[in-house]
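Reading the sequence shown from the start, the letters are residues 1 to 147 in this note's numbering. Each residue gets a CB set at the ideal place from its N, CA and C atoms; glycine is no exception. Single-structure report; data block below.
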Amino acid sequence: MKKHILPILIFLFSLNITAQKDRDKIHALKVSFITEQLDLTEQEAQKFWPVYNDHNKKMSKLKYQDMRALRKELKSNIETLTEEKALEFIKKINSIELKEHKYKQEYAAKLKTILSAKKIIKLRVAEEDFKRKILERWKNRKNENRK
Numbered sequence: 001m002k003k004h005i006l007p008i009l010i011f012l013f014s015l016n017i018t019a020q021k022d023r024d025k026i027h028a029l030k031v032s033f034i035t036e037q038l039d040l041t042e043q044e045a046q047k048f049w050p051v052y053n054d055h056n057k058k059m060s061k062l063k064y065q066d067m068r069a070l071r072k073e074l075k076s077n078i079e080t081l082t083e084e085k086a087l088e089f090i091k092k093i094n095s096i097e098l099k100e101h102k103y104k105q106e107y108a109a110k111l112k113t114i115l116s117a118k119k120i121i122k123l124r125v126a127e128e129d130f131k132r133k134i135l136e137r138w139k140n141r142k143n144e145n146r147k
């Protein structure tokens, strides 16, 4: 039994490292893409990236930790869900969505002190373009692996 546990642990650890490397690579590509699209000056970049990264950390926590935990709890209790419990879930979802809205407003206010309105719009377009390109790459890889 012990002979099997170590290889499994090593395999799982290596998967985690590979996933982290992929995330780091995607993040680096995103930074490069956004910097190029916005044509940031050195002063803008120094102020912009800490605000941008902080905002993304907050949003990730909301979406991937808080909301995911709530969905998981909801999914496991869906069959035995009472009306009161359902209302409680709705309140929790609304609370997370309000937090998300608040974070977005704070982020927009901070960006206005760093970038012009035109560059803020370019940022949104660049983020959407980047997402689309990453999804296309992922789909192409997936299709290549099938062949």
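Endpoints, the alpha helix (DSSP H) within which residue i is located
i, result
"residue 84", "83-114"
"residue 65", "No alpha helix (DSSP H) contains residue 65, which DSSP labels as neither H nor E."
"residue 135", "117-146"
"residue 54", "42-60"
Sequence-distant residues of its chain with Cβ nearer than 7 Å to residue i (five each side left out)
i, result
"residue 29", "none"
"residue 58", "103"
"residue 66", "96"
"residue 134", "26"
"residue 40", "48"
Rounded straight-line distance, which links the Cα of residue j to that of residue i
i, j, result
"residue 24", "residue 49", "16 Å"
"residue 61", "residue 22", "19 Å"
"residue 94", "residue 52", "24 Å"
"residue 106", "residue 117", "15 Å"
"residue 145", "residue 131", "21 Å"
"residue 126", "residue 38", "8 Å"
"residue 89", "residue 54", "28 Å"
"residue 11", "residue 56", "Unreliable positioning characterises residue 11 in this predicted model, as indicated by a pLDDT of 49, which lies under 50. The coordinate reading is nonetheless provided below. Going by the C-alpha atoms only, they are around 30 Å apart."
"residue 136", "residue 100", "27 Å"
"residue 85", "residue 72", "14 Å"
"residue 75", "residue 63", "16 Å"
Residue burial classification, residue i (beta-carbon count within 10 angstroms, cutoff 16)
i, result
"residue 111", "buried"
"residue 81", "exposed"
"residue 98", "exposed"
"residue 115", "buried"
Cβ neighbours of residue i in the same chain (closer than 8 Å, five flanking residues each side left out)
i, result
"residue 109", "none"
Any non-hydrogen atom of the ligand PLP closer than 7 Å to residue i Cβ
i, result
"residue 139", "Inclusion of the ligand PLP in the displayed structure is not the case, the ligand content being empty and no account of it being possible."
Cβ neighbours of residue i in the same chain (closer than 6 Å, five flanking residues each side left out)
i, result
"residue 113", "none"
Counting beta carbon pairs with one atom in the segment 117-130 and one in the segment 23-40, are three or more of them shorter than 8 Å? yes
Can we say the segment 133-144 touches the segment 35-55, given the rule of at least three CB pairs closer than 8 Å? no
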